[in-house]
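Residue numbers (our numbering), protein chains in the order written: chain D, 1 to 228; chain R, 229 to 523. This report concerns only the one structure given below.
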Amino acid sequence: MSEEVILSLNGLVIGYDHPLVKPITLDVHAGEIIAILGPSGIGKTTLIRTIAGLVRPLDGNFSLHVQRRGSLGYIPQRLGLVRHATVAHNVSLGARLSVGWSRTMFKDRKERTYEAIRTLGIEEKASEPVRRLSGGQQRRVATARTLAQRPRLMLADEFLGELDQTNVDIVLGAVHELVEDGTAVIMVEHHEDNAMDFATRIWEIQDGHFADMSVEEWTLSQPKGEEE
Amino acid sequence: MKYRLFGILFILFFLAWQTLDGLVEGDWGRLEGGLSNLAVFFEESMWPPNWSVLEARSYPVCEQDLEFFCSVGYLGMMETLKIAFVSTILGFIGAISLSSLAARNLMPLYISLPVRIFLSAVRSLPSLIWAILFVIVIGFGPLSGVLAMTFYTVGYLGKLQYEVFEGMPNDPLEAGRAMGLSRPSIVMNIVIPENSNHLLSQLMFMFEYNVRHGTVIGIVGAGGIGYYINTYLKFLQYDKVFALLILIFIVVVLIDLLSLAVRSFVNEEGDVRKPTWLNMLIQARKRRSKSGDIA
Numbered sequence: 001m002s003e004e005v006i007l008s009l010n011g012l013v014i015g016y017d018h019p020l021v022k023p024i025t026l027d028v029h030a031g032e033i034i035a036i037l038g039p040s041g042i043g044k045t046t047l048i049r050t051i052a053g054l055v056r057p058l059d060g061n062f063s064l065h066v067q068r069r070g071s072l073g074y075i076p077q078r079l080g081l082v083r084h085a086t087v088a089h090n091v092s093l094g095a096r097l098s099v100g101w102s103r104t105m106f107k108d109r110k111e112r113t114y115e116a117i118r119t120l121g122i123e124e125k126a127s128e129p130v131r132r133l134s135g136g137q138q139r140r141v142a143t144a145r146t147l148a149q150r151p152r153l154m155l156a157d158e159f160l161g162e163l164d165q166t167n168v169d170i171v172l173g174a175v176h177e178l179v180e181d182g183t184a185v186i187m188v189e190h191h192e193d194n195a196m197d198f199a200t201r202i203w204e205i206q207d208g209h210f211a212d213m214s215v216e217e218w219t220l221s222q223p224k225g226e227e228e
Numbered sequence: 229m230k231y232r233l234f235g236i237l238f239i240l241f242f243l244a245w246q247t248l249d250g251l252v253e254g255d256w257g258r259l260e261g262g263l264s265n266l267a268v269f270f271e272e273s274m275w276p277p278n279w280s281v282l283e284a285r286s287y288p289v290c291e292q293d294l295e296f297f298c299s300v301g302y303l304g305m306m307e308t309l310k311i312a313f314v315s316t317i318l319g320f321i322g323a324i325s326l327s328s329l330a331a332r333n334l335m336p337l338y339i340s341l342p343v344r345i346f347l348s349a350v351r352s353l354p355s356l357i358w359a360i361l362f363v364i365v366i367g368f369g370p371l372s373g374v375l376a377m378t379f380y381t382v383g384y385l386g387k388l389q390y391e392v393f394e395g396m397p398n399d400p401l402e403a404g405r406a407m408g409l410s411r412p413s414i415v416m417n418i419v420i421p422e423n424s425n426h427l428l429s430q431l432m433f434m435f436e437y438n439v440r441h442g443t444v445i446g447i448v449g450a451g452g453i454g455y456y457i458n459t460y461l462k463f464l465q466y467d468k469v470f471a472l473l474i475l476i477f478i479v480v481v482l483i484d485l486l487s488l489a490v491r492s493f494v495n496e497e498g499d500v501r502k503p504t505w506l507n508m509l510i511q512a513r514k515r516r517s518k519s520g521d522i523a
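Printed below as a string of structure tokens:
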């Protein structure tokens, strides 16, 4: 983790009609992997969607300390893939944002697209429409799209849900590749065990309260009976 | 449940009947001689169809090897098909640009509302009225037909398209927006590919519709086979009109078959498969050999 601040939340209040959580103020640094934990319907997705710029904050604000366009990777709960288009087309949407205007632009985009596809092990499916793929393979496509984008901040909503261990390993391998390059990751996670494996920091939302802590602090805060 | 449905249908039929009775003011006597009139008209004026419409015209002199290519039927039909093709393509391009501006999930209200009103205004005039308008403005001929049908296509197809766009799932749009893709990029790379099967299906429907309506707009002088139909009607040559109507029917059936073949490539599980001509030939051959096996 570096000292570079990627995102600052300044008294951010999230919600649609009424506040879901008390004001949040904190910084997110490059290389951090944050898991958001908490029961269903408590505001985890709303928090992610607010940071993604899809929901307006009720109060306060957040600032992205990197260029807005192309620096934010987002994987929604339903993955947000173009289901009738091919795997390569979907992944190229990410590459489109990371490759600037140049004479070799199209070649670079293609290279970056196929590099991400290879990393996620879906090269055989590159010309298949996404809707023909299994749920696990679709998640790999969404990850490849973000990998090709090389964002500075990656937001993912219930990203690992219902994935088998092989797919979890492949997907998390790609995420770590991004983190090594200085990307900060914020993920909503339902499975606490998964969160313990990859996260460096935990945000817990419980009954309208927000807690920001390290994984060790979170482990200690859990009742002993539940830990086993 | 079954009886209730019959009951509703009976009430609707009764209401329609009452309305019709009101429209004709109870004067049903006119129907009495209708069938015999039709029989006499058909026998004396229309039958047999005059197939001279498929022979070369006397002027200008035919320079083709086959006389058919200089006939009124061929020339008129080809002009109608060309008008329909050009106006469908131009209309599609116009419609897709406007429909992406009219869709509420893609644009803010202050952009989508005026575009929707524009599309409604264009659509509210039938292609026949557009044709009359363009014939007045730029004169007789196929250009008036092309412009008339292009305008109507923009209005009609535009509405179909923005309704499809508004019905698409929201998550790809949100992902694109959050990632920082520009609006034109979202339309080109997310919206159009995601709805491509619907768009193709609508395009084929519109072409078929334009061929059918191409015959009607020809009647007001906007080119195509309708121009010849109108001329024959004026000279009471109903047998020639009948021959041209049969020709139109055959062409519409052929387009319908073609449209069915093209759509079969996109309908499989809703996936878009890009057919190549080679693919089509190979599949046709496979199908034939399969049916041969069965035989």
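Note that the Cβ used here is the ideal one computed from N, Cα and C, for glycine as well.
Asked: Through-space distance from residue 27(D) to residue 6(D), alpha-carbon basis; Found: 8 Å
Asked: Interface residues of chain D facing residue 333(R) [CB-CB closer than 8 Å]; Found: In chain order: nothing, as chain D lies at least about 12 Å away.
Asked: Three-state secondary structure (DSSP) of residue 206(D); Found: strand
Asked: Identity of the residue in 467(R), 395(R), 372(R) and 430(R) nearest residue 447(R) by Cα; Found: 372(R)
Asked: Own chain, CB closer than 7 Å to residue 184(R), minus 5 neighbours either side, in chain order; Found: Residue 184(R) is absent from the structure shown; chain R starts at 229 and stops at 523.
Asked: Opening and closing residue of the beta strand (DSSP E) in which residue 64(D) lies; Found: 59 to 64
Asked: Residue 129(D) versus residue 81(D) - alpha carbon distance; Found: 10 Å
Asked: Simplified DSSP state of residue 74(D), which is helix, strand or coil; Found: strand
Asked: Secondary structure of residue 18(D), DSSP reduced to three states; Found: coil
Asked: Residue 26(D) - DSSP class collapsed to helix/strand/coil; Found: strand
Asked: The segment 425 to 432 of chain R contacting the segment 476 to 492 of chain R, beta-carbon criterion three pairs below 8 Å; Found: yes
Asked: 7 Å Cβ shell around residue 374(R) - same chain, five flanking residues per side excluded; Found: 311, 314 and 315
Asked: Alpha carbon of residue 147(D) to alpha carbon of residue 59(D), nearest angstrom; Found: 32 Å
Asked: Collapsed DSSP secondary structure at residue 500(R) in the structure displayed; Found: Caution is warranted here: a pLDDT of 44 is assigned to residue 500(R), below 50, making its placement in the model unreliable, and no coordinate value can be reported.
Asked: Near-chain A residues of the segment 62 to 79 of chain D - C-beta to any C-beta below 8 Å; Found: The structure shown contains no chain A; its protein chains are D and R.
Asked: Stretch-stretch touch, CB-based, cutoff 8 Å, three pairs: the segment 27 to 41 of chain D with the segment 196 to 205 of chain D; Found: yes
Asked: Rounded separation between residue 114(D) and residue 291(R) - CA only; Found: 57 Å
Asked: Residues bridged to residue 35(D) [DSSP beta-bridge criterion]; Found: 187(D) and 202(D)
Asked: Proximal chain D residues relative to residue 417(R), where beta-carbon distance stays under 7 Å; Found: 93
Asked: Through-space distance from residue 445(R) to residue 476(R), alpha-carbon basis; Found: 14 Å
Asked: Reduced DSSP category for residue 104(D) - H, G, I as helix; E, B as strand; rest coil; Found: coil
Asked: Beta carbon of residue 348(R) nearer than 9 Å to that of residue 379(R); Found: no
Asked: Contact set between the segment 412 to 442 of chain R and chain D, restricted to residues whose Cβ is under 8 Å from the partner; Found: 413, 417, 418, 421, 422, 423, 424 and 425
Asked: Nearest-angstrom Cα separation, counted from residue 386(R) out to residue 182(D); Found: 45 Å
Asked: Contact under 9 Å by Cβ, residue 455(R) with residue 261(R); Found: no
Asked: Beta-carbon separation (whole angstroms), residue 407(R) vs residue 72(D), contact threshold 8 Å; Found: 7 Å
Asked: Residue 14(D) burial status per 10 Å Cβ neighbour count (16 or more: buried); Found: buried
Asked: Contact with chain R by residue 226(D), beta-carbon distance below 9 Å; Found: Note on residue 226(D): pLDDT 49, under 50, position unreliable in the model; the coordinate value appears next. Closer than 9 Å: no.
Asked: The segment 101 to 133 of chain D: positions lying closer than 8 Å to chain R by Cβ; Found: 129, 131 and 132
Asked: Residues that residue 400(R) contacts on chain D, provided the C-beta gap is smaller than 7 Å; Found: 80, 81 and 82
Asked: CA nearest to the CA of residue 126(D), picked from 91(D), 135(D) and 167(D); Found: 91(D)
Asked: C-beta contact flag for residue 94(D) and residue 149(D) at 9 Å; Found: yes
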